[in-house]
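Have a look at the structure below before the remarks.
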Ligand code: FES
């Protein structure tokens with residue numbers, strides 16, 4: 007008969023359980039799908055000439071992307087970025103006010119900077135940031151947070 011104290015028994019049980027867990031994790035690591043980059047949906051929102059350098063310009067997504075309003079900020083000939091116009095309070099569409107160099111929500115008065123940072127009011131956070139780019143043909147592409155319908 008094996009002579010084992012309660013403490014020695016528990017230590018042995020812990021070692022065996024731990025190695026079983028490690029073996030199990032290693033087996034599942036081999037089964038894990040390869041990491042993939044997140045999918046970005048790109049919408050054509052117009053030509054670069056319609057987005058003046060140094061300005062924030064209102065745009066509307068094509069119908070297949072839901073037709074929501076967004077804004078494109080063009081920092082230089084090739085550098086653009088975007089923000090959603092959906093207020094983070096209750097989802098109203100914010101307006102860009104050039105004289106304030108920022109966004110204002112018509113519903114409850116939240117304000118945001120030109121970069122979309124929350125400045126005041128009941129908004130819960132910044133406006134959602136969107137990737138944007140200008141291709142070789144001068145088309146401005148704006149990230150959509152929803153996939154196209156077709
Ligand atoms: Fe914009 Fe309320 S929905 S402040």
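Numbering (this note's numbering), first residue to last: 7 to 156. From the three backbone atoms N, C-alpha and C, an ideal C-beta is built for every residue, glycine too.
Look up residue i in the DSSP assignment and say whether it is helix, strand or coil.
i	result
residue 92	strand
residue 138	strand
residue 71	helix
residue 49	strand
residue 82	coil
residue 54	helix
Which residues bound the beta strand (DSSP E) around residue i?
i	result
residue 64	62-66
residue 108	108-110
residue 117	117-119
residue 145	145-150
residue 59	Looking at the DSSP string, residue 59 is not in any beta strand (DSSP E), and its letter there is neither H nor E.
residue 103	101-103
residue 125	124-126
Figure out for me which residue from the options has the closest Cα to the Cα of residue i.
i	options	result
residue 64	75, 55, 105	75
residue 96	132, 62, 104, 59	132
residue 45	128, 137, 37, 83	137
residue 152	38, 102, 48	48
residue 129	155, 139, 91, 104	91
Exercise. Is the stretch 78-85 in contact with the stretch 137-151, if contact means three or more CB pairs nearer than 8 Å?
Worked result: yes
Problem set entry | Neighbouring residues (CB closer than 7 Å to any heavy atom of ligand 1) | Summarising the contact set, residues whose Cβ lies nearer than 7 Å to any heavy atom of ligand 1 are, in chain order, 93, 95, 96, 97, 98, 100, 111, 113, 114, 115, 116, 127, 128, 129.
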